[in-house]
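K.L.:
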Amino acid sequence: MSDQGEVITIDNEKQVNTSIYRDRLLTVLKQAFTALDPEHLVAECTEKLLSGKSKYGHVYVIGFGKASLKMYEGIRNITSGISSYSAIIIPEGQEAATKYPELELLRGNHPIPAQDTLTSSRKMMNGLSILNEDDLVLVLVSGGGSALFEIPEEIFSIDSIAETAKCLMNSGADIHELNAVREAMSSVKGGKLAKRLYPAEVHGFIISDVPGDDPSVIASGPLTKPSYSPDFFKKVLEKYSDSCDLDGVAKIPDRSNIVEARFFQKVTTRLILKNRDFVDMIGTHIGDPGEKVVTLPEPITGDVVETAEWFADRMRKEYRKSGNPIWIIGGGETTAKVVGKGKGGRNCELALRVALNMEKEENYLFASLGTDGIDGVSPAMGGISDTSLVNTVTREEIQNSLNFSDSYNLLNKYNSAIITGYTGTNVSDIFVAYYGGKNEG
Numbered sequence: 096m097s098d099q100g101e102v103i104t105i106d107n108e109k110q111v112n113t114s115i116y117r118d119r120l121l122t123v124l125k126q127a128f129t130a131l132d133p134e135h136l137v138a139e140c141t142e143k144l145l146s147g148k149s150k151y152g153h154v155y156v157i158g159f160g161k162a163s164l165k166m167y168e169g170i171r172n173i174t175s176g177i178s179s180y181s182a183i184i185i186p187e188g189q190e191a192a193t194k195y196p197e198l199e200l201l202r203g204n205h206p207i208p209a210q211d212t213l214t215s216s217r218k219m220m221n222g223l224s225i226l227n228e229d230d231l232v233l234v235l236v237s238g239g240g241s242a243l244f245e246i247p248e249e250i251f252s253i254d255s256i257a258e259t260a261k262c263l264m265n266s267g268a269d270i271h272e273l274n275a276v277r278e279a280m281s282s283v284k285g286g287k288l289a290k291r292l293y294p295a296e297v298h299g300f301i302i303s304d305v306p307g308d309d310p311s312v313i314a315s316g317p318l319t320k321p322s323y324s325p326d327f328f329k330k331v332l333e334k335y336s337d338s339c340d341l342d343g344v345a346k347i348p349d350r351s352n353i354v355e356a357r358f359f360q361k362v363t364t365r366l367i368l369k370n371r372d373f374v375d376m377i378g379t380h381i382g383d384p385g386e387k388v389v390t391l392p393e394p395i396t397g398d399v400v401e402t403a404e405w406f407a408d409r410m411r412k413e414y415r416k417s418g419n420p421i422w423i424i425g426g427g428e429t430t431a432k433v434v435g436k437g438k439g440g441r442n443c444e445l446a447l448r449v450a451l452n453m454e455k456e457e458n459y460l461f462a463s464l465g466t467d468g469i470d471g472v473s474p475a476m477g478g479i480s481d482t483s484l485v486n487t488v489t490r491e492e493i494q495n496s497l498n499f500s501d502s503y504n505l506l507n508k509y510n511s512a513i514i515t516g517y518t519g520t521n522v523s524d525i526f527v528a529y530y531g532g533k534n535e536g
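Numbering of the sequence shown is given in the working numbering, commencing with residue 96 and proceeding in unit increments.
Right, here's the structure in full:
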């Protein structure tokens with residue numbers, strides 16, 4: 096682990112840290128965020144690239160996403176003296192401890208785009224002026240970019256994109272279904288930003304927040320070729336046409352040749368951080384002697400109800416197979432339908448739903464955590480459920496909470512919501528489970 100200072104603070108650590116297993120989880124979590132700090136990772140990538148800076152006419156830096164400020168801080172010592180224009184878009188509410196005179200720090204809306212996103216996106220693109228073949232554009236892309244960076248196609252408004260995105264999310268659409276529609280309605284997604292930056296040389300540094308780490312999916316793929324076929328797009332419209340107003344989207348012309356191949360000839364993208372990096376690091380450091388650690392090889396996706404059942408079953412099976420206490424570490428992104436106006440998100444909800452699948456005498460811990468620090472409409476990064484919680488809260492309380500999508504408030508009441516605020520990174524969600532069999536007596 097890195098020996099630099101911690102990069103995240105758990106605001107309610109004293110309240111949450113009530114057992115040796117919670118203490119282990121919180122300690123390793125802070126260490127992982129420190130070692131995998133985007134600021135240092137992106138700096139390593141840009142030093143070599145800009146050693147030949149004299150060959151460029153103008154250098155521009157733009158970025159959008161929850162990690163874009165950390166990413167910019169990693170390269171500003173390299174670019175601040177040579178860039179003609181630097182601008183990033185971060186969420187409202189994300190603190191910026193230092194203001195940099197050379198950086199235009201813009202604000203956008205998240206998780207649903209609104210007027211701030213549109214205004215900031217246009218301002219950032221206008222700052223690039225007219226690009227030439229000898230210009231260089233560095234693009235810092237991270238999760239949250241889909242909402243924070245948006246300029247609609249002429250036939251759509253930012254409000255129509257927001258309403259459509261919100262409806263699809265609330266209807267349980269996965270990231271691919273959501274992106275297929277967002278790309279169609281946007282003039283900067285699905286490779287369309289690459290078209291806008293042509294003919295400059297473009298280098299995109301990407302932090303992945305999606306299972307599979309496909310750059311065409313992260314922030315809706317602004318610098319990569321469109322990945323969704325017309326057939327897939329049509330199926331998405333058919334699937335959600337009853338729950339969402341997609342009539343305007345359905346009238347979009349054939350999408351098979353949205354962005355010509357020539358616009359990508361001078362575009363290079365590099366993935367610098369992904370969910371798997373966190374899974375592997377936590378898995379390496381969380382176990383004690385006599386405990387088995389299992390890192391799941393594939394991303395966890397799907398509805399939180401089914402995922403909770405799967406984790407409860409997997410914990411028991413791995414324990415029986417090993418004969419020793421076990422830790423299971425995984426990553427991915429689940430989906431949860433919003434059924435009320437409470438405070439919560441998919442991570443807090445998953446933690447509670449695992450509790451519904453556990454018995455009072457089982458010695459376990461389960462945590463579901465969003466690495467960006469904000470879970471849905473709650474102020475928490477996620478939640479923990481464990482033996483203590485199951486023996487304190489009633490099943491009726493849990494079910495009532497879930498009936499109103501109010502998972503955060505219940506977890507927070509019982510000191511089981513982890514609060515960090517924005518972490519400055521975003522590589523989707525982390526799942527940590529411990530199982531030590533049934534308590535005797």
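From the three backbone atoms N, C-alpha and C, an ideal C-beta is built for every residue, glycine too.
Around the C-beta of P196, are 16 or more other C-beta atoms found within 10 angstroms, so that it is buried, or is it exposed?
P.N.:
Looking at its Cβ environment, which holds fewer than 16 other Cβ atoms inside 10 Å, P196 is exposed.
K.L.:
What's the C-alpha gap between A162 and I302?
P.N.:
Going from the Cα of A162 to the Cα of I302 covers about 8 Å.
K.L.:
Output the distance between the C-alpha atoms of V232 and N452, rounded to the nearest integer angstrom.
P.N.:
Approximately 50 Å between the Cα atoms of the pair.
K.L.:
Exposed or buried, what is R365 when buried is set at 16 or more other beta-carbons lying within 10 Å of its beta-carbon?
P.N.:
So R365 counts as exposed.
K.L.:
Return the residue from the list I170, Q126 and G158 that minimises the CA-CA distance to K143.
P.N.:
Ranking the options by Cα distance to K143, first place goes to I170.
K.L.:
Does the segment 263-272 come close enough to the segment 216-227 that 3 or more CB-CB pairs lie under 8 Å?
P.N.:
Touching, no, given that fewer than three Cβ pairs across the two stretches are closer than 8 Å.
K.L.:
Are the CB atoms of V154 and F128 within a distance shorter than 7 Å?
P.N.:
Against a cut-off of 7 Å, the Cβ pair of V154 and F128 comes out as no contact.
K.L.:
Okay, do the segment 403-412 and the segment 509-522 touch, 3+ Cβ pairs below 8 Å being the bar?
P.N.:
Short answer: they don't touch.
K.L.:
Here's the rule I'm using: 16 or more other beta-carbon atoms within 10 Å means buried, otherwise exposed. How should G471 be labelled?
P.N.:
Classification of G471: buried, given that the 10 Å Cβ count is 16 or more.
K.L.:
List the residues that DSSP assigns as beta-bridge partners of A512.
P.N.:
G478, per the DSSP bridge assignment.
K.L.:
Taking the Cβ atom as the reference point for each residue, do G468 and T518 lie within a distance shorter than 7 Å?
P.N.:
Yes, Cβ-Cβ distance for G468 and T518 is below 7 Å.
K.L.:
Helix, strand or coil: which one does DSSP assign to D398?
P.N.:
The answer is strand: DSSP assigns D398 an E or B state.
K.L.:
Could you pull the DSSP bridge partners for K387 from this structure?
P.N.:
Answer by DSSP bridge pairing, in chain order: I421.
K.L.:
Using CA coordinates, which residue listed in N419, G343 and A295 is at the minimum distance from Q584?
P.N.:
Any question about residue 584 goes unanswered here, given that the chain covers just 96 to 536.
K.L.:
For N227, which of T466, S480 and Y151 has the nearest alpha-carbon?
P.N.:
For N227, the nearest C-alpha among the options comes from Y151.
K.L.:
Report the rounded CA-to-CA distance for I253 versus I207, giving the unit in angstroms.
P.N.:
So the alpha carbons of these two residues sit roughly 10 Å apart.
K.L.:
Assuming A314 and G158 are in contact, meaning their beta carbons sit under 8 Å apart, how far apart are those beta carbons, in whole angstroms?
P.N.:
Between G158 and A314 the Cβ distance is about 10 Å, and since that is not below 8 Å, they are no contact.
K.L.:
Counting only runs that start and end within the segment 155-243, where is the alpha helix (DSSP H) found for 4 or more residues in a row?
P.N.:
You should have 163-174, 210-221 and 240-243.
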